Structure formats: C-alpha cells, structure tokens
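Peer 1: Under full-length UniProt numbering, residue 797 is the last one in the sequence shown; the count climbs by one each step, no gaps. Just so it is clear, CB atoms sit at the ideal spot from N, CA and C, and this is done for glycine as well. Computed from a predicted structure; not experimentally measured. Below you'll find the structure I mean.
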Amino acid sequence: MRKMVKHRKPSSLSKHSSNIETSGSSTSESQPRTRSYKYVSVWKTTLGVICLSVAVYIGTLGYLETRVNTPFDGEKAVKESGLDVPDRFWGSYRPGVYFGLKSREPKSPVFGMMWYELGTAVQKGIRHWCEQNDNLPSYGWIRHDGFTFGEQIISDPPHNIVTSFVKTPGGEHGGHWTARINITSVNKSNEAFMLIWYGALDESQGFGPQSRMWGEKGAIVGYTPSFGNFRVHLIPHQGKLIHTSFTDAYSPGLHLLKEKYYSLLKVEKHPFGRLAVLGPDNELNSKNKDVNFVPVQMLVETPFVLDIVYTTEDLSGPPLKGEEYTKVLEQKKTAFDARFEEEFKLKDKGYSEADIAIAKAAMSNMVGGIGYFDGTSRVQSQYTREPVPYWKAALYTGVPSRSFFPRGFLWDEGFHGLLVGRWSPDIQMDIAAHWLDLINVEGWIPREQILGPESLARVPKEFVVQSNAAANPPMLLIQIANMVQRRPNLFQHDSKLRRMLERMFPRLQAWYNWFLNSQKGIEPTSYRWRGREDDGIQLNPKTLTSGLDDYPRASHPSEIERHVDLRCWMFAAADAMTVIAFALQRDTSKFEAIREQLGDEKLLNKLHWASHSNSYADYGLHTDGVKLVRQASKSPGEGLKVVRSVTSPPQPRLVASAFGYISLFPMLLKVLSPKSDNLGKILAVLDKPSLLWSPYGLRSLSKSAPLYMKRNTEHDPPYWRGQVWININYLALSALKHYASVEGPHASRAEELHTKLKTNVTGYFWEQYSDQDGRGSGCKPFTGWTALFVLMMADEY
Numbered sequence: 001m002r003k004m005v006k007h008r009k010p011s012s013l014s015k016h017s018s019n020i021e022t023s024g025s026s027t028s029e030s031q032p033r034t035r036s037y038k039y040v041s042v043w044k045t046t047l048g049v050i051c052l053s054v055a056v057y058i059g060t061l062g063y064l065e066t067r068v069n070t071p072f073d074g075e076k077a078v079k080e081s082g083l084d085v086p087d088r089f090w091g092s093y094r095p096g097v098y099f100g101l102k103s104r105e106p107k108s109p110v111f112g113m114m115w116y117e118l119g120t121a122v123q124k125g126i127r128h129w130c131e132q133n134d135n136l137p138s139y140g141w142i143r144h145d146g147f148t149f150g151e152q153i154i155s156d157p158p159h160n161i162v163t164s165f166v167k168t169p170g171g172e173h174g175g176h177w178t179a180r181i182n183i184t185s186v187n188k189s190n191e192a193f194m195l196i197w198y199g200a201l202d203e204s205q206g207f208g209p210q211s212r213m214w215g216e217k218g219a220i221v222g223y224t225p226s227f228g229n230f231r232v233h234l235i236p237h238q239g240k241l242i243h244t245s246f247t248d249a250y251s252p253g254l255h256l257l258k259e260k261y262y263s264l265l266k267v268e269k270h271p272f273g274r275l276a277v278l279g280p281d282n283e284l285n286s287k288n289k290d291v292n293f294v295p296v297q298m299l300v301e302t303p304f305v306l307d308i309v310y311t312t313e314d315l316s317g318p319p320l321k322g323e324e325y326t327k328v329l330e331q332k333k334t335a336f337d338a339r340f341e342e343e344f345k346l347k348d349k350g351y352s353e354a355d356i357a358i359a360k361a362a363m364s365n366m367v368g369g370i371g372y373f374d375g376t377s378r379v380q381s382q383y384t385r386e387p388v389p390y391w392k393a394a395l396y397t398g399v400p401s402r403s404f405f406p407r408g409f410l411w412d413e414g415f416h417g418l419l420v421g422r423w424s425p426d427i428q429m430d431i432a433a434h435w436l437d438l439i440n441v442e443g444w445i446p447r448e449q450i451l452g453p454e455s456l457a458r459v460p461k462e463f464v465v466q467s468n469a470a471a472n473p474p475m476l477l478i479q480i481a482n483m484v485q486r487r488p489n490l491f492q493h494d495s496k497l498r499r500m501l502e503r504m505f506p507r508l509q510a511w512y513n514w515f516l517n518s519q520k521g522i523e524p525t526s527y528r529w530r531g532r533e534d535d536g537i538q539l540n541p542k543t544l545t546s547g548l549d550d551y552p553r554a555s556h557p558s559e560i561e562r563h564v565d566l567r568c569w570m571f572a573a574a575d576a577m578t579v580i581a582f583a584l585q586r587d588t589s590k591f592e593a594i595r596e597q598l599g600d601e602k603l604l605n606k607l608h609w610a611s612h613s614n615s616y617a618d619y620g621l622h623t624d625g626v627k628l629v630r631q632a633s634k635s636p637g638e639g640l641k642v643v644r645s646v647t648s649p650p651q652p653r654l655v656a657s658a659f660g661y662i663s664l665f666p667m668l669l670k671v672l673s674p675k676s677d678n679l680g681k682i683l684a685v686l687d688k689p690s691l692l693w694s695p696y697g698l699r700s701l702s703k704s705a706p707l708y709m710k711r712n713t714e715h716d717p718p719y720w721r722g723q724v725w726i727n728i729n730y731l732a733l734s735a736l737k738h739y740a741s742v743e744g745p746h747a748s749r750a751e752e753l754h755t756k757l758k759t760n761v762t763g764y765f766w767e768q769y770s771d772q773d774g775r776g777s778g779c780k781p782f783t784g785w786t787a788l789f790v791l792m793m794a795d796e797y
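And the structure:
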C-alpha cells in the first residue's frame, strides 16, 4: 500500500510537469517555478483588488459629485403653475425694476418702464432698475393685494410718478391687464419728460423662431406659443404727447435693456429743437438676430397720464381704459382698505390714519415685492473641483430689498411668510412650495437664489456660488408650522392646502434631517454653523450662514465651536415638525424626542450658560484681544493694508463678552420653561440701557461688548454689532407675549417688557436702525422683514 502510494505521487507529478521536462528542466526545479506561479497569482489578485477599489472609489466620487445638483426624489410640492393658477398668472413679478409686469410662465414676455428728464439724462441717468445710487426720496407700493391690482408712488423730484395696474382674468392665455402711469410735477408746471415703455423677450429662455415681437405705431405686438397673439396698446389718457418714436431691436439679455436703449438713440432736428430719438438697430441685420426688444419713447408734457392695455386674441369684453379704469381702480382700493382693516383691525386698536397708511404700504411692499424668477444656481460641494450648475428651476418668492437684494433669501422668506401668510395663505404656501422644490437629494436648500441674468448681474462674484455645507436658519419651516397651528381649519380633510402640505412633508423632513446631520457639533446635542473662515483680515470672521453675518462669535474658528442660536433653531425646528406631523396624522415621536432633548435646560446650561455673566453664549477658541492694525503688505507694490492683530492667545471658552441677540435665543425661540430661573435673569436685565435696551428697540450687541459698533475690516462697517433689527425684535415681542400669557413667576415682568418694547420699536422701510437716534441705515427701501411691524401693531405673533 505504501509502495503504491509512493509510486503514484511521481506518476502524477510527471503528467503535470511533462512540459517542463521536455524543455530540459529537472523535476527539482519545479518547486521554485510553482512558488513563482503563486506569487504571480497573489500579485494579480492584489492588482485586481486595487483596480476594483479604484473603480469603486471613482464611482463613489462620481456619485458624491452629482449629489449636490441632484433633485430630491419625490413628488414636487408645486403641482400647479402658470396658467393652472389664473388669479396669479400676471403680476408685478419684476421687483428689481421700478415698474414692470410679467407672468408666472418661464418664457413670458416682460414689460417695463424707463424714464428721464430732458437735459439731465447724463447727470441723473435713465431710471430703470431700482438703484440706491439713484437717491430717490421714496418709491413703493401703497396698495397691493397680490392678486388683482397694485398702486405705487415714485418720488423723483421735481416729478411724482404714480403707477398702477388692474388685471382682468379670463380666456385661455391668462387674461389681460391695464397699467397706468400718471406723471405730475411737484411745482405743477408743464415740464418736458421722457417716458419709455418697452416689451422684451428673455433671451436666456431660448424662445426660438416661434416667438416674436415687433412694434407698430402706438403698440407692441407679439406671439409666443403659450400666449398666442398679444397686443399692447399705449393710450394717452390725459396730457400732451409731444413726440413718439419706437424701434425693433435685439438685446443680449434683460440685464442690458437700458444699455441697449442708449445705443439706439440718435439726434434729430425737430420744430421744438434737437432731440435724441430711437433709431434702427444695426445689429439685427449684421448679426442675423431676431427682434426681442421693442422700446417706445414718448416725449410728454406733465401732467400726463398713459394707459397701457395688454390684450390677447381671446379677450372677452372690452379692455379697461380711461374713465372705466379709473372707476375700477377706485373700487379695488376701497375693497383693499376694507379687507386690510378686517385682517389687522388697526383702526379698532386706535391707530391714526397716518399710521394705518404706513402699515398698508409696508404690507403692500411685502406683497408687491414678490417676484417670479427662473434660472440655474451655481453650487459646489467638497467633492466638486469647480462650481456646477443646479437644475433649472422657477422660484416664486419675496425679496428683502428691491434695490439691493432683488432675489430670494431662505431665512428672510420665513419672516416674510409670517405677514404674507396672514394676508393670503394661498400665496405663502405657494411660495414655500417653490422653495421646497429646490431641495436636493441630500436635503439641502441653497440659501440664496440668484436665478436669471437680471439677478446674476446684480450680485458680486464672491456670493454667486452656494456651498452645500452652508445652512440658513429654518425659519421657513417654523413659519409653515405657525400657519398650521394658527389656522388649522385651512388644513383639514381634503382641502387644497392640506394636499399641498402632504406633498411638502417629505421635503420638510429631509431638510430637517439635513440640519441634524450636517450641522451637529462635537459635543452631544451641540450644533455648529459651517462656513466660517479666518482669512487674517476680519476682526471676527463672519458667520454668514447664521443670518447674523458679523455678529461676534469665537475669534478663531474651529471644530470645537458650539453655537447657541443654532441649537435653539433646532429645538424650534423639532417643535415645528411635531406640529406639522400631528396635523397630518403622522408619527410625531422622533420629533418630540429631539424637542424634549434640546429643551432640557440642564443640557443647554451645561453647553452654553456662562454663570459669571448670567447669560447664554457660544463656545469656541476665543480671545477678546483682537484689533485691526495697518501693516506693510508682503506683496510688492500693495503698500499698507489693514489686518487683524491678536494681542492675547485664544483659549477654549464661552464667548460671554459678546452679549447680544445670540444671548437671548433660548428666550426668543421659547426654549426656556416659563418657570426657568435663567429666564428670570434674562428678563431682569432686558431693559437695561447699558446693555441691549434702546429707545428704538433691542440693539443687536451690548454697548459693553468689546466689538460694539466696531468695523470688521477696513471696508466692512458694523452690521449686527449694535443696530436695531426688526425681525429679532419681532421674535422678542412674540416670546414676551408668550411668557406673559402662560403661568409662571415671570409672567408679569414679561407683560411689562412687551408693552415697553412694542412702544419703542419704530422706523419704517429700512434694513436696520441706529440704537442711538433711531435713524434708518443699511439698504433702503428694505421692505422684507421690516414690514413685520404691521403684525406688531396688530399684536399678532
């Protein structure tokens, strides 16, 4: 047996090694060869694993690269748009121009107004876009219902211009409308005035050969597949029209219409003198372009009234013009005034007619500042080497300022919605739905929306690209919950708004989860705003994502930071999700668990309470020993530059010296229990003039803070470092009313402070207010969250 076994081994080997033997190799050499074969096999396997790993890595990287601009996979919140919503089809959806009309159709023709005074066009320029540098004393809507009409007053001494419009729905193409421009001189003299009304097609929308526009004497005529044939008649109603000219032209974009108008002017002799009139556009033939811009120039003598009548081929009934328009406009104004009083009851509360008129204007500017934008954002993540385009999308949204910020901002929109939602839940839910349809597969919403060429042309390059690490306070989520809680009847059964809220819910949940995961801090239950960068130039690096921009945080950004305001926002977000889930009969347990955890005052105090100053504060790597100094630049030829100098090293600690709005957030967002001792400590010092109290509202930063009213860079004046901001004062009044209305040891003190603060808050239509004299500052008109004073007057929170 053993011999047979021994004999079989070489026999077996000889078969496998026959090729080796015939090549002259001995059997003893087969062992190294076998080992080499094994080594080759291992090497091939290793190489295969490496190649597979590289392929997986590249595939994963490619997947991660695309997530930033991949839409959320779910039913859209906006179900109806364009002609499906006829009562909001046409409107003043171009808030960045002094007066313009367009529809909520991406490929809508747009219409607008320009003007200038003869002899001053060079000095004052042509008025078109709302520009702070125009230095107009005032302009804005005095009545606007968001649906059927609006009326605006523009003061450009020596002229006053009243613009208005009335819509008439009907037909298959969105109905028709009439606009009126009424120009008077302050001294009532007859003065020459150049008025331009134009129609344009947005080149960025790619209209193609089917869409066209051209001028006819006294009219702008056009056709698009969505609108059919349309005609815009220019009808003088009162006054003297001295001369008219018009031309067909091509403009490379809506952002260049004024420049294009300039280029079309040519000087001619007329009986009344030399006059720059519209001539032919040579580019049309030389560049083989189609007409997309038709300006009509009118030299008029004031006082002058022009009716602009837009009609379509399916017009039912005669268009509004002349005395009939005057009659209908007066009816609209009367109905608006009655409804405003019904909603806010300011007359019943004893306000004067002057105060009520200002409140109407504030609310009207909020509603009249709603725009409709269409385009593509630029976004970036850590996985993309360069910015990439977001998907093409439409956005129906309010804007903070028509002159400085004529575009959508995420956290501003939450504050806007508090007032807009009170006036029209339908409009506000439509706005919120448009914002939520911008959410990507990660659950992120770009905080600033720069859509279309007009918007892009007005934004500095450094603010165009949006990072998917950047958050913004979830005020929009809180506003939706506020509406659901205050007006539950609107969201019952199978109502339209309930169905919309159902479609919103998965998106709201994804957004909420994105906050929980992307903004969490190192310590349990702590949160940190991303996006702070220390460039060595800023006195205190900005936290733009918080919405409070230059409010002092830890002097040296680091991963150990804990931001008390963000933790409070997350408490409020969990509470809002609980409210919405309960209204929709969904499971609320996971939202309630987070709310309970973040509402635990012991945990909050452990992370953020500074016992030595009796205040809540951020935590991070901080020193108060910072200042701006001028030093020689390392780059040749640059001379001196201003940089930050650190005079004492930073240490991990609470930033208690920066007492201000941040310190109040546990009260502002109602995190604290009505029986909280710390609530009592906050209320005890809230009206101290040496801290935050001023005759004009709560200042953003204490007068005793090291960075109170300090510049952040040589060219960057203080912003949230002492000025009074209406949105935070609104939150303060809301919180004080809440704590005054619930049982607790601090109720009477909260009521007292509510009454005093409501009396103090003042000022209209500015971005912010001086804590020293109450004067407005920042951009104007700022008819975004500043308009919240209407709700303060009405005592509605």
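Do you know whose CA, among L736, S648 and L584, lies nearest D795's CA?
Peer 2: The shortest Cα separation from D795 among L736, S648 and L584 belongs to L736.
Peer 1: What separation, rounded to the nearest whole angstrom, lies between the Cα atoms of V232 and R127?
Peer 2: If you take the alpha carbons of V232 and R127, they lie about 22 Å apart.
Peer 1: May I have the straight-line CA-CA distance separating R407 from E448, to the nearest angstrom?
Peer 2: If I take the Cα positions, the gap works out to 8 Å.
Peer 1: Considering only their Cβ atoms, is the gap separating I478 from G414 smaller than 8 Å?
Peer 2: Contact flag set, yes.
Peer 1: Between the stretch 625 to 642 and the stretch 587 to 601, do three or more beta carbon pairs fall short of 8 Å?
Peer 2: With the cut-off at 8 Å, the stretch 625 to 642 and the stretch 587 to 601 do not touch.
Peer 1: Label L47 either buried or exposed according to how many other C-beta atoms from any shown protein chain fall within 10 Å of its C-beta, with 16 as the threshold for buried.
Peer 2: Exposed is the call here.
Peer 1: Given this structure, state the Cα-to-Cα distance separating K79 from K461, to the nearest angstrom.
Peer 2: The straight-line gap from Cα to Cα measures roughly 34 Å.
Peer 1: Run through the stretch 265 to 316 for me and flag every whole alpha helix (DSSP H) of 4 or more residues, listed as ranges in chain order.
Peer 2: Whole alpha helix (DSSP H) segments, 4+ residues: 283 to 286.
Peer 1: Just the Cα atoms here: how many angstroms apart are residue 803 and L603?
Peer 2: Absent from the model: residue 803. The displayed extent of the chain is 1 to 797, so no value can be given.
Peer 1: Which residue marks the beginning of the beta strand (DSSP E) containing I196, and which one marks its end?
Peer 2: Note, I196: beta strand (DSSP E), A192 to L201.
Peer 1: Is the beta carbon of R553 sitting closer than 8 Å to the one on R532?
Peer 2: Yes, Cβ-Cβ distance for R553 and R532 is below 8 Å.
Peer 1: For A750, which residues from the same chain have a beta carbon less than 7 Å from its beta carbon, with the 5 sequence-adjacent residues on both sides left out?
Peer 2: Answer for A750: L683, L736, Y739 and A740, listed in chain order.
Peer 1: When DSSP labels each residue in this structure, what does H746 get in the three-state scheme?
Peer 2: Looking at H746 - three-state DSSP - the assignment turns out to be coil, as it is neither helix nor strand.
Peer 1: Quick check on DSSP: helix, strand or coil for S251?
Peer 2: Three-state result, S251: coil.
Peer 1: Return the CA-CA distance between V790 and Q723, expressed in angstroms with no decimal places.
Peer 2: About 20 Å.
Peer 1: From A192 to A354, what does the alpha carbon distance come to, in whole angstroms?
Peer 2: Going from the Cα of A192 to the Cα of A354 covers about 33 Å.
Peer 1: Between the alpha carbons of L733 and H754, how many angstroms are there, rounded?
Peer 2: Looking at the two C-alpha atoms, the distance is approximately 6 Å.
Peer 1: Suppose you measure from the CA of W90 to the CA of F111; what does that come to, to the nearest Å?
Peer 2: Near 11 Å, if we compare the C-alpha coordinates of F111 and W90.
Peer 1: Do you know offhand how far residue 876's Cα is from L669's?
Peer 2: In the structure as shown, the chain begins at 1 and stops at 797. Residue 876 is therefore absent and cannot be evaluated.
Peer 1: Among the candidates T545, P453, D145 and F665, whose CA atom is the shortest distance from the CA of A470?
Peer 2: Out of T545, P453, D145 and F665, T545 has the C-alpha closest to the C-alpha of A470.
Peer 1: Taking only three categories from DSSP, how would you classify S518?
Peer 2: S518: helix per DSSP, three-state reduction.
Peer 1: Specify, as a first and last residue, the run of the alpha helix (DSSP H) that G322 falls within.
Peer 2: Looking at the DSSP string, the run of the alpha helix (DSSP H) that includes G322 is G322 to F344.
Peer 1: Using the beta-carbon count (16 or more within 10 Å), is H612 buried or exposed?
Peer 2: H612 should be labelled exposed.
Peer 1: Count the other C-beta atoms from every protein chain shown that fall within 10 angstroms of the C-beta of E203, then say buried if there are 16 or more, exposed otherwise.
Peer 2: Buried: at least 16 other Cβ atoms inside 10 Å.
Peer 1: Between Y764 and R274, what straight-line distance do the alpha-carbon atoms span, to the nearest angstrom?
Peer 2: Residue placement at Y764 cannot be trusted, given a pLDDT of 41 that sits under 50; the coordinates are not used to answer.
Peer 1: Which residue wins for smallest C-alpha separation from D307, given the options A179, W197, W129 and G125?
Peer 2: Cα-wise, what sits closest to D307 is A179.
Peer 1: Here's a check: name, in chain order, each residue in its chain whose Cβ is nearer than 8 Å to the Cβ of P488, leaving out the five neighbours to either side.
Peer 2: Excluding sequence neighbours, P488 sits near A583.
Peer 1: Which one or two residues does DSSP pair with P652 in a beta bridge?
Peer 2: Paired residue(s): L621.
Peer 1: Rounded to the nearest angstrom, what separates Y661 and V671 at their Cα positions?
Peer 2: Roughly 15 Å separates the two Cα atoms.
Peer 1: Would you call the CB atoms of I726 and V761 closer than 8 Å?
Peer 2: Their beta carbons are under 8 Å apart, which means I726 touches V761 by this criterion.
Peer 1: Taking C-beta to C-beta, are V166 and F149 nearer than 8 Å?
Peer 2: Yes. Within cutoff.
Peer 1: Among the candidates I161, D624, V643 and T623, whose CA atom is the shortest distance from the CA of A632?
Peer 2: When each option's Cα is compared against that of A632, the closest is V643.
Peer 1: Which residues in the same chain as D281 place their Cβ atom closer than 7 Å to its Cβ, once the five residues preceding and following it in sequence are excluded?
Peer 2: Excluding residues within five positions, the ones whose Cβ falls inside 7 Å are T247, D248, A249, Y250 and L264.
Peer 1: M793: buried (16+ other C-beta within 10 angstroms of its C-beta) or exposed?
Peer 2: Classification of M793: buried, given that the 10 Å Cβ count is 16 or more.
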